[in-house]
Amino acid sequence: MLLAIDIGNSNIVWGIFDGDRLVADWRIGTDHSKTTDEYAILLLDLLRVEGISPERVDGVILSSVVPPLTPLFEELAETYFHCLPLIVSPEMETGLTIRYTNPHEVGSDRIVNAA
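Mind the numbering: the sequence shown is residues -9 to 105 in the working numbering, read in order.
Structural data, given as structure tokens:
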């Protein structure tokens, strides 16, 4: 299963995919004061409520427009799901042509929405 994480300024949205099928999703408020472990406890509880074992998660993809939180969720993926997350960025191969003068100004949320 794939855990998709979208870190926005107001909300963090998590989704679990089994193949191309979304099987569960959650939205919580973005909180800069939470630690990796606090976010993990919340996510693991949400998985448990849905009857999804964390061991079934074998991939993580991360989109973030909140740079200070990105390392926390990288650590969450590595510590609790034992995998390196794929981080959406202008450098990744998506098949999209980014025509901004500075492609790094394009938020990963825009890249994901366009893909």
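By construction, the Cβ of each residue, glycine as well, lies at the ideal position given by its N, Cα and C atoms. What you are looking at is a predicted structure, and each value in this text was computed from that prediction instead of being measured.
Item	Value
In terms of alpha-carbon separation, which member of Ala14, Pro58, Ser54 and His22 lies closest to Gly41?	Ala14
From this set, Leu37, Ala67 and Gly(-2), which residue's C-alpha is nearest His22's C-alpha?	Gly(-2)
Once DSSP output is grouped into helix, strand and coil, what is the label at Leu74?	coil
Mind pulling the beta strand (DSSP E) runs of 3 or more residues that sit fully within the stretch -3 to 64?	1 to 8, 11 to 19 and 49 to 54
Contact defined as beta carbons within less than 8 Å: I believe Val55 pairs with Phe71. What is the distance between those atoms, to the nearest angstrom?	So it is not a contact: roughly 22 Å between Cβ atoms.
Which residues does DSSP pair with Ala(-6) in a beta bridge?	Gly5 and Ile51
Between the beta-carbon of Phe63 and the beta-carbon of Ile(-5), is there less than 7 Å?	yes
Could you tell me the distance, in whole angstroms, from the CA atom of Glu68 to the CA atom of Val39?	22 Å
Could you tell me the distance, in whole angstroms, from the CA atom of Leu37 to the CA atom of Leu66?	14 Å
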